[in-house]
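Residue numbers (the working numbering), protein chains in the order written: chain P, 67 to 450; chain F, 67 to 450.
Here's the structure, in C-alpha cells; my notes come after.
Protein chains: 2
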Amino acid sequence: MDHAAATPLDPRVFEAMQPYLAGQFANPSSLYGAARETRQAVEAARHTLANILGAKPTEIVFTSGGTEGDNLAVQGVLRAHPGAHWVTSSIEHDAILGCVEPLMREGHEATIVPVEPNGLVEVAAIERAVTDQTVLISVMMANNEIGAIQPIAELAKLVAKVRADRSQRGLDRPLYLHTDAAQAAGYLDLHVARLRVDLLSLNGSKLYGPKGAGLLYVRQGTRLEPLMYGGGQERGRRSGTENVAGAVGLAKALELAAAARESESHRLAGLRDELIRRLTAAIPHTTLNGDPKRRLPNNLSLTIPGAEGEAMVLYLDNHGVQASTGSACSTGSLDPSHVLLALGRTPAEANASLRLTLGRATDEAAIDHVVKVLPPIIVRLREL
Amino acid sequence: MDHAAATPLDPRVFEAMQPYLAGQFANPSSLYGAARETRQAVEAARHTLANILGAKPTEIVFTSGGTEGDNLAVQGVLRAHPGAHWVTSSIEHDAILGCVEPLMREGHEATIVPVEPNGLVEVAAIERAVTDQTVLISVMMANNEIGAIQPIAELAKLVAKVRADRSQRGLDRPLYLHTDAAQAAGYLDLHVARLRVDLLSLNGSKLYGPKGAGLLYVRQGTRLEPLMYGGGQERGRRSGTENVAGAVGLAKALELAAAARESESHRLAGLRDELIRRLTAAIPHTTLNGDPKRRLPNNLSLTIPGAEGEAMVLYLDNHGVQASTGSACSTGSLDPSHVLLALGRTPAEANASLRLTLGRATDEAAIDHVVKVLPPIIVRLREL
Chain P
67 MDHAAATPLD
77 PRVFEAMQPY
87 LAGQFANPSS
97 LYGAARETRQ
107 AVEAARHTLA
117 NILGAKPTEI
127 VFTSGGTEGD
137 NLAVQGVLRA
147 HPGAHWVTSS
157 IEHDAILGCV
167 EPLMREGHEA
177 TIVPVEPNGL
187 VEVAAIERAV
197 TDQTVLISVM
207 MANNEIGAIQ
217 PIAELAKLVA
227 KVRADRSQRG
237 LDRPLYLHTD
247 AAQAAGYLDL
257 HVARLRVDLL
267 SLNGSKLYGP
277 KGAGLLYVRQ
287 GTRLEPLMYG
297 GGQERGRRSG
307 TENVAGAVGL
317 AKALELAAAA
327 RESESHRLAG
337 LRDELIRRLT
347 AAIPHTTLNG
357 DPKRRLPNNL
367 SLTIPGAEGE
377 AMVLYLDNHG
387 VQASTGSACS
397 TGSLDPSHVL
407 LALGRTPAEA
417 NASLRLTLGR
427 ATDEAAIDHV
437 VKVLPPIIVR
447 LREL
Chain F
67 MDHAAATPLD
77 PRVFEAMQPY
87 LAGQFANPSS
97 LYGAARETRQ
107 AVEAARHTLA
117 NILGAKPTEI
127 VFTSGGTEGD
137 NLAVQGVLRA
147 HPGAHWVTSS
157 IEHDAILGCV
167 EPLMREGHEA
177 TIVPVEPNGL
187 VEVAAIERAV
197 TDQTVLISVM
207 MANNEIGAIQ
217 PIAELAKLVA
227 KVRADRSQRG
237 LDRPLYLHTD
247 AAQAAGYLDL
257 HVARLRVDLL
267 SLNGSKLYGP
277 KGAGLLYVRQ
287 GTRLEPLMYG
297 GGQERGRRSG
307 TENVAGAVGL
317 AKALELAAAA
327 RESESHRLAG
337 LRDELIRRLT
347 AAIPHTTLNG
357 DPKRRLPNNL
367 SLTIPGAEGE
377 AMVLYLDNHG
387 VQASTGSACS
397 TGSLDPSHVL
407 LALGRTPAEA
417 NASLRLTLGR
427 ATDEAAIDHV
437 VKVLPPIIVR
447 LREL
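Shown next, in the form of C-alpha cells:
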C-alpha cells in the first residue's frame with residue numbers, strides 16, 4: 067500500500083537487465099565490438115522510450131532518477147538563461163521546490179503559485195505569475211502525496227499563447243513547460259507530442275524498474291545547461307559512463323507499464339474507490355485529501371483527526387500493511403507535509419494524515435485486510 | 067586489456083546486490099520494517115566503505131558514479147564559496163576540467179597547472195598557482211590514460227602549510243584538497259586519514275562494481291553546495307532515493323578490491339613490465355607515455371609512430387584484444403587526447419597512441435597473446 071514510495075523490480079525487467087549486470091560490461095564509449103553491443107543496448111532502450119513518449123531518441127537524456135531529472139530540468143533551463151524567472155506550484159516535489167533558493171542566489175527569481183483546496187493548480191493563477199522574464203513553468207503531472215492530476219494540457223495551451231504573444235511583440239525569450247511525471251507513469255498518457263510539454267522527468271523506481279535510473283525528455287531546441295560535465299555522454303547534457311543495465315531496465319519497465327496502463331488504471335481505480343468508500347464509512351470524521359475525481363487511480367490520502375500519521379504507519383506495519391504519512395522522500399522530517407498545508411490543512415490535520423497507494427500487488431483481499439485492520443487502529447489511537 | 071574503461075561486475079558483488087534488486091525494494095526513507103531493512107543495508111554499506119577509507123560513515127556521500135562525484139566536489143565547494151579560485155592540473159579527467167568554464171561564468175576563477183613531460187604534477191607549480199582566493203586544489207590520484215600516480219601526500223602537506231600561513235595571517239578562507247581516485251581504486255591506498263585529503267571520489271564501475279554507483283568522501287566541516295536538491299538524502303548533500311543495490315555493490319566491490327590490493331598490484335605490475343619490455347623490443351620506435359615508475363600497476367600507454375590509434379584498437383579487437391586509444395570517456399571525439407598533448411606529445415603522436423590496462427582477467431597467456439598479435443598489426447599499419 068505504498069507503491070508511490072517504491073515499487074518492486076518486475077522480474078521481466080530484472081531479466082532484461084541481467085546480461086548487462088553479468089557478462090556484458092563494456093563501456094559503451096569504447097571502440098571494440100563488445101562496446102558496440104552495450105552501446106546498442108543503450109540506444110535500443112532509448113528508442114523504446116522515445117517511441118512510448120512520442121519523442122525523438124535524441125530527446126531522451128538518461129539520468130540517475132527522478133530527482134536528477136527534475137534538477138536538470140529546472141537548474142538546466144534557468145542556468146542557460148541568466149537572470150530569468152520561473153513559475154512552479156506550491157505542491158511540487160522537493161526536487162523542484164528545493165531549486166528555488168539556490169537559483170535565487172544565482173540571480174533567478176521564482177514564483178510559487180498556490181493551489182486550490184482540492185490540490186489542483188489553477189491555470190489562470192499560473193498565467194498571472196508569468197512575466198516577460200519567465201522561461202520555465204514546472205508543474206507535476208500528478209502529485210505524489212495526494213495524487214491530484216494537474217491540468218498539463220491547459221498549461222501547454224497557456225504556453226503556446228504566451229509564445230505567440232511574445233513572438234508578435236518581437237520578444238525573443240523562450241518559455242518551456244516541464245512536468246515531473248514520476249508518479250503519473252503507468253497511469254497517465256506520457257506522450258509528449260500530445261501533452262505538448264518541453265521537458266518531462268521519469269523515475270525507474272516508481273514504475274517497477276530499477277532504482278538509480280530515470281530519464282529527462284528534452285524537446286529538441288531547448289537550451290539546457292548540464293548539471294554534470296565530463297565525457298560528453300547523452301549529447302553533452304549528462305556526462306558519465308552510461309548505466310547500461312539501468313537504461314535497459316527503465317525501457318523494459320516503461321514498456322510493460324504502458325502496455326498495462328489502461329487495464330491497470332481501471333482495476334486500481336475500482337479498488338481505490340472501494341477503499342475510500344469503506345474506510346470513510348468505517349472511520350468517523352475521515353476526509354479525503356485532493357480532488358476525488360482528478361486523482362491517480364492508485365492514490366488515496368486521508369486525514370483522520372485524532373490519529374497521528376507516524377503511529378498509523380507503525381500500527382499498520384504491525385498488521386502487515388505498508389503505508390506512508392505523506393511522501394517517503396522527506397527523510398526523517400517531522401515537519402508537516404508542505405503539500406497538505408498547501409491545501410489549507412492545519413499542521414495538526416496534516417500530521418493526522420495517511421497515504422495509501424495501490425499497485426500491481428494490490429487485490430481485493432488486500433483491500434479487505436486494510437478495511438479490517440485500520441478502523442480498530444484508529445479507535446485505539448484516538449483513545450490514546 | 068581495457069580495464070580502465072570498464073570492469074566486469076564481480077560475481078560476489080552481484081550476489082550481494084541481488085536481494086536488493088529482487089525482493090527488498092522498500093524506499094529506505096519509509097517508516098515500516100521493510101524500509102528499515104533497506105535503510106540498514108545502505109548504512110551497512112556506508113560503514114564498510116568508511117572503514118576502508120578511514121573515514122566516518124557520515125562523511126560518505128553516495129553518488130551515481132565518478133563523474134557525479136567529481137562534479138559535486140568541484141562545483142559543490144566552489145558554489146559554497148562565491149567568487150573563489152581553484153587549482154587543478156592539465157591532465158585531469160573531463161569531469162574536472164569540464165567544470166572550469168561554467169564555474170568561470172559564475173564568477174569562479176581556475177588555474178590549470180601544466181604537468182611535467184612524465185605526466186607528474188609538480189607540487190611547486192601548484193603552490194605557485196595558489197592565491198589567497200583559492201579554496202580548492204583538485205588533482206587526481208592516478209591518471210586514467212597514462213597511469214601516472216600524482217604526489218597527493220605532498221599536495222596535502224602543501225595544503226597544511228597554506229592553511230597554517232592563512233591562519234597566522236588571520237585569513238579566514240578554507241583550502242580543500244580533492245582527489246579523483248577512480249583509477250587508483252584497487253591499486254593504491256585510499257585511506258583518507260593517511261592521505262589527508264578532504265574530498266575523494268570513487269566509481270563502482272572501475273572496480274568490478276556496478277555502473278551508476280560511486281561515492282564522494284567529504285571530510286566533516288567541508289562546506290559543499292549540493293548538485294541536486296530534494297528529499298535531503300545523504301544529509302542534504304545528495305538528494306534522491308538511494309540506489310540500495312548500487313550502494314551495497316559498491317561496498318562489496320571496494321571490500322574485495324582492498325583485500326586483493328597488494329597481491330593484485332604486485333602481480334599486475336610484473337605482467338605490465340613484461341608487456342612493456344616485450345612490446346618495446348618487438349615494435350621499433352615505441353615509447354612509453356608517463357613515468358615508468360610512478361604509474362598504476364595495470365597501465366601501459368604507448369606511442370607507436372606510424373600507427374593510428376583507432377586502427378590499432380580495431381585490428382586488436384579482430385584478434386580478441388580489447389584496448390583503447392586513450393580514455394573511453396570522450397565519446398566519439400576525434401580530438402587528440404588532452405592528456406598526451408599535456409605531456410608535450412604532438413597531435414600526430416597523440417593519435418598514434420594505445421592504452422592497455424590490465425586487470426583480474428589478465429594472465430601470462432593474455433600477455434603472450436598481445437605480444438604475438440600487436441607487432442604484425444603495427445607492421446601492417448605502417449605499410450598502409
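We treat Cβ as the ideally placed atom computed from N, Cα and C, and that holds for glycine.
It should be emphasised that the depicted structure is a prediction, and the values quoted were computed from it without experimental measurement.
Exercise for the section: Could you tell me whether the Cβ atoms of residue 282 of chain F and residue 129 of chain F are closer together than 7 Å? Expected result: yes
Practice task
Since I believe residue 222 of chain P is in contact with residue 41 of chain P (beta carbons under 8 Å), could you give me their beta-carbon distance rounded to a whole number of angstroms?
Solution key: Absent from the structure is residue 41 of chain P, since the part of chain P shown begins at 67 and ends at 450.
Practice task
Please name the residues in the region 364 to 378 of chain F whose beta-carbon is closer than 8 Å to at least one beta-carbon of chain P, in chain order.
Solution key: 376
Problem - Strand pairing of residue 10 of chain F, partner residues [DSSP] - result: What the structure shows of chain F is the stretch from 67 to 450, and residue 10 of chain F is not part of that stretch, so it cannot be assessed.
Problem - C-alpha distance - residue 124 of chain F paired with residue 225 of chain P, whole-angstrom precision - result: 44 Å
Exercise for the section: Flag this pair as yes or no: are the beta carbons of residue 166 of chain F and residue 176 of chain F separated by less than 7 Å? Expected result: yes
Practice task
Using a Cβ-Cβ cut-off of less than 8 Å, list which residues of the region 207 to 224 of chain F approach chain P; keep chain order.
Solution key: none
Problem - Within chain P, partners of residue 99 of chain F - CB distance below 8 Å - result: 383
Exercise for the section: Could you tell me whether the region 152 to 164 of chain F touches the region 311 to 319 of chain F, using the rule of 3 or more Cβ pairs below 8 Å? Expected result: no
Practice task
Helix, strand or coil for residue 429 of chain P, going by three-state DSSP, please let me know.
Solution key: coil
Exercise for the section: Under 9 Å between beta-carbons, which chain F residues line up against residue 234 of chain P? List them in chain order, please. Expected result: Here the premise fails: no neighbours, minimum Cβ distance about 32 Å.
Practice task
Tell me whether residue 210 of chain F is buried or exposed, calling it buried when 16 or more other Cβ atoms sit within 10 Å of its Cβ.
Solution key: buried
Problem - Nonlocal neighbours in the same chain, by C-beta distance under 6 Å from residue 127 of chain F, ignoring five residues either side - result: 282, 284, 300, 303, 304
Practice task
Return the Cβ separation of residue 379 of chain F and residue 369 of chain F in integer angstroms, given the expectation that the two are a contact with Cβ distance under 8 Å.
Solution key: Between residue 369 of chain F and residue 379 of chain F the Cβ distance is about 14 Å, and since that is not below 8 Å, they are no contact.
Handout entry: Per-residue burial, residue 451 of chain P [other beta carbons within 10 Å of its own, 16 or more giving buried]
Key = Outside the modelled stretch of chain P, which goes from 67 to 450, sits residue 451 of chain P, for which no answer is possible.
Exercise for the section: Give a single yes or no on whether residue 404 of chain P has its beta carbon closer than 6 Å to a heavy atom of the ligand PLP. Expected result: No copy of the ligand PLP occurs in the structure displayed, which carries no ligand at all.
Practice task
Label residue 114 of chain P either buried or exposed according to how many other C-beta atoms from any shown protein chain fall within 10 Å of its C-beta, with 16 as the threshold for buried.
Solution key: buried
Problem - For residue 271 of chain F, three-class secondary structure by DSSP - result: helix
Exercise for the section: Answer yes or no: does any C-beta atom of chain F fall closer than 7 Å to that of residue 388 of chain P? Expected result: yes
Problem - Test item: CB-CB of residue 447 of chain P and residue 347 of chain P under 7 Å - result: no
Handout entry: Buried versus exposed, by CB contacts within 10 Å (16 or more), residue 233 of chain F
Key = exposed
Practice task
Give the straight-line distance between the Cα atoms of residue 420 of chain P and residue 375 of chain P, rounded to the nearest whole angstrom.
Solution key: 6 Å
Problem - Start-to-end residues for the alpha helix (DSSP H) that takes in residue 246 of chain P - result: Not the alpha helix (DSSP H): residue 246 of chain P falls in the beta strand (DSSP E), residues 242 to 246.
Problem - Distance between beta carbons of residue 75 of chain P and residue 431 of chain F, contact taken as under 8 Å - result: Actually they do not touch by this definition, with Cβ atoms about 39 Å apart.
Exercise for the section: Please go through the same chain and pick out, in chain order, the residues whose beta-carbon is closer than 6 Å to the beta-carbon of residue 362 of chain P, but skip the five residues on each side of it. Expected result: 208, 213, 253
Problem - Proximity winner among P:69, P:90, P:71, relative to residue 77 of chain F (alpha-carbon distances) - result: P:90
Exercise for the section: Anything in the region 302 to 317 of chain P with a Cβ closer than 8 Å to a Cβ of chain F? List those residues in chain order, please. Expected result: 305, 306, 307, 308, 309, 310, 311, 312
Practice task
Check residue 360 of chain P in the structure and name its three-state DSSP category.
Solution key: coil
Practice task
Would you mind sorting residue 412 of chain P into buried or exposed? The rule is 16 or more other CB atoms within 10 Å of its CB.
Solution key: exposed
Practice task
Taking the CB atoms as reference points, tell me whether residue 461 of chain P and residue 104 of chain P lie closer together than 7 Å.
Solution key: There is no way to answer for residue 461 of chain P, as the model of chain P reaches only from 67 to 450.
Exercise for the section: In angstroms with no decimal places, state the Cα-to-Cα distance between residue 194 of chain P and residue 204 of chain P. Expected result: 15 Å
Practice task
Mind listing the chain F neighbours of residue 245 of chain P? Cutoff is C-beta to C-beta under 8 Å, in chain order.
Solution key: The contacting residues do not exist; residue 245 of chain P stays about 16 Å from chain F at best.
Exercise for the section: For residue 383 of chain P, count neighbouring C-beta atoms within 10 Å of its own C-beta (all shown protein chains included) and say buried if the count is 16 or more, exposed if not. Expected result: buried
Practice task
Going by CA-CA distance only, name the one from F:422, F:408, F:402, F:424 that's closest to residue 414 of chain F.
Solution key: F:402
Problem - CB of residue 217 of chain F within 7 Å of CB of residue 189 of chain F, strictly - result: yes
Practice task
Please name the residue in F:326, F:365, F:276, F:450 whose C-alpha comes closest to that of residue 118 of chain F.
Solution key: F:326
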